[in-house]
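Peer 1: Heads up, the sequence shown is in the UniProt record's numbering, so the first residue is 1 and it goes up one at a time.
Could you have a look at this structure, given as structure tokens, before my questions?
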Amino acid sequence: MPKIRPLTSEGREAEQTKKCNEVLAVALRRHRVDTGIQDQVLCKSLGISRNAIINYKRDPGVMTLDMARKVSHAIKVSPEDWLAIGGYKV
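Below you can see the structure in the form of structure tokens.
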């Protein structure tokens, strides 16, 4: 039986980042499915490149709070709902 080792602070941070990535990806996917709007249209309305959205999905830590608010508003997902998608209780 393998040994179970507790996560280090770096491991916990990596797990949290992974969860944030998944939350953002799910929120954007839901928006795309619900509205039929593609990422290119969303990026144009936000004034950012498609690569920026890809980078945000990969590492949400690079997204500023202001940009998170803009994305949240653009995809019509309240910050509370965004957190709820990730399993956080608000």
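Ideal placement from N, C-alpha and C gives every residue a C-beta, glycine not left out.
Quick one: Cα of A84 to Cα of R69, how far?
Peer 2: Cα to Cα, A84 sits roughly 16 Å from R69.
Peer 1: Let me know if I53 comes out buried or exposed under the rule of 16 or more other beta-carbons within 10 Å of its beta-carbon.
Peer 2: Classification for I53: buried.
Peer 1: Using a Cβ distance threshold of 8 Å, determine whether the region 16 to 33 contacts the region 49 to 68, with at least three qualifying pairs required.
Peer 2: With the cut-off at 8 Å, the region 16 to 33 and the region 49 to 68 touch.
Peer 1: Using only CA atoms, which one of W82, K76, R12 lies nearest to D34?
Peer 2: Closest by alpha carbon: K76.
Peer 1: Only counting the same chain, and skipping five residues up and downstream in sequence, which positions put a Cβ closer than 8 Å to that of S9?
Peer 2: Nothing meets the Cβ criterion.
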